[in-house]
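Report on the structure given below.
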Amino acid sequence: MTLRHFLSLDDLDADGIRRVIDNSIALKRKPPKHPPLAGRTLAMLFEKASTRTRVSFEAGMTQLGGHALFLSPQDTQIGRGEPVEDTARVISRMVDAVMIRNHSHETLERFAAYSSVPVINGLTDRLHPCQLLADLQTFQEHRGDIAGKTVAWIGDGNNMCHSYLLAARLLGFDLRIATPEGYGPNPQILKTCSERAVICDDAPQAADGADLVVTDVWASMGDEDDREVRLADFANFQVNKALMSWAKDDALFMHCLPAHRGEEVSAEVIDGPNSVVWDEAENRLHAQKALLLDLLTD
Ligand code: CP
Ligand code: NVA
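In this note's numbering, the protein residues as written are 614 to 911.
Structure follows, in structure tokens:
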């Protein structure tokens, strides 16, 4: 098999994303009869906390007949400074795939360059592509094809916002982004997706007529020191009932979770009828399984 990594949605491209989502929906309906990953091992390297990513990959590997290994810097030589290139060469000689959640996207790319097995991005400071597979699946299940639809991104121009930018370009939906000044997305990523993305003046302008409204925490992992400043800077960017009233009546609300009710989203929106966050979280499991099968089997 050709070695393929999943560091970014671009690694799958549009056809690959649609294929993985369709397989994920099929796996959700009907598990495979014979465990397709029997005897296979996934190493999971976590430099940051996780609930959904860890549990979905670990449970997913079990359900496919394989095994997942949880590795943290505290328990491995990574935390004591073993070079990433050495770690990649060693681990990839022992397992069938590696999932990494780390701070620096550049470090992930260095690991992948030295890995002899597929490497999956479980979130970096730049991108969170696995989450997008689940979000896109969730939209498809509730509303059909996302092509031509309008999505509003409200809040921080962070790893999730960047991933939405790439998804908009690849799958052909329009992305309206509203962030406080100084918290916009990476200009290079924005530029490559500019055919499908616009920066709005404020949150209502982004939400106006949207089919889907998405937000994320105001202080991502690694930004905690700025939390108080961010709470003040993001005050006009909460997704609440008033903001949702700008979107279509049947607009969906998504959030990758974990969420902070009363900060980036009000309780009545995240716990309300337009919210699909629990389907979105569950779909991490199905999408992860479909992704693993796509990378590891013919
Ligand atoms: N959405 C997401 O990636 O959640 P975790 O940080 O819990 O893995
Ligand atoms: N933007 C958030 C996503 C968490 C799943 C973070 O990076 O912490």
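Idealized CB from N, CA, C, for every residue including glycine.
Here the structure is a predicted model, which is why all the values come from computation and not from measurement.
By the Cβ criterion, the region 818-830 is in contact with the region 863-873, since at least three pairs of Cβ atoms, one from each stretch, lie closer than 8 Å.
A Cβ-Cβ distance of about 3 Å is found for the pair G692 and P686, placing them in contact under the 8 Å criterion. Assignment of beta strand (DSSP E) within the region 810-896, counting only whole runs of 3 or more residues, yields 810-812, 825-828, 865-868 in chain order. Going by C-alpha positions, T666 is about 24 Å away from I802.
Residue nearest to A681 within the set P696, S669, Q690, L736 is S669 (criterion: CA-CA distance).
Contact check for V711 against A781 fails: the beta carbons are separated by 7 Å or more. Relative to the non-hydrogen atoms of the ligand CP, the Cβ of L870 comes within a distance shorter than 6 Å of at least one. In this model, L684 and Q750 are separated by some 29 Å (Cα to Cα). Leaving aside the five residues that flank A701 on each side, the residues in its chain whose CB is nearer than 6 Å to its CB run, in chain order, F724, Y727, S728. Distance between T675 and G770, taken at the CA atoms: about 35 Å. By the neighbour-count definition (other C-beta atoms within 10 Å, threshold 16), M857 is a buried residue. Distances taken from the Cβ of S663 to the heavy atoms of the ligand CP include one shorter than 6 Å.
When the beta-carbon positions are compared, K641 and H899 come within less than 7 Å of each other. According to the DSSP assignment, H680 belongs to the beta strand (DSSP E) that extends over 680-684. V764 has L788, L825 as its beta-bridge partners, per DSSP. In this structure, L658 is the residue among I759, L658, H647, R706 with its C-alpha nearest to the C-alpha of D688.
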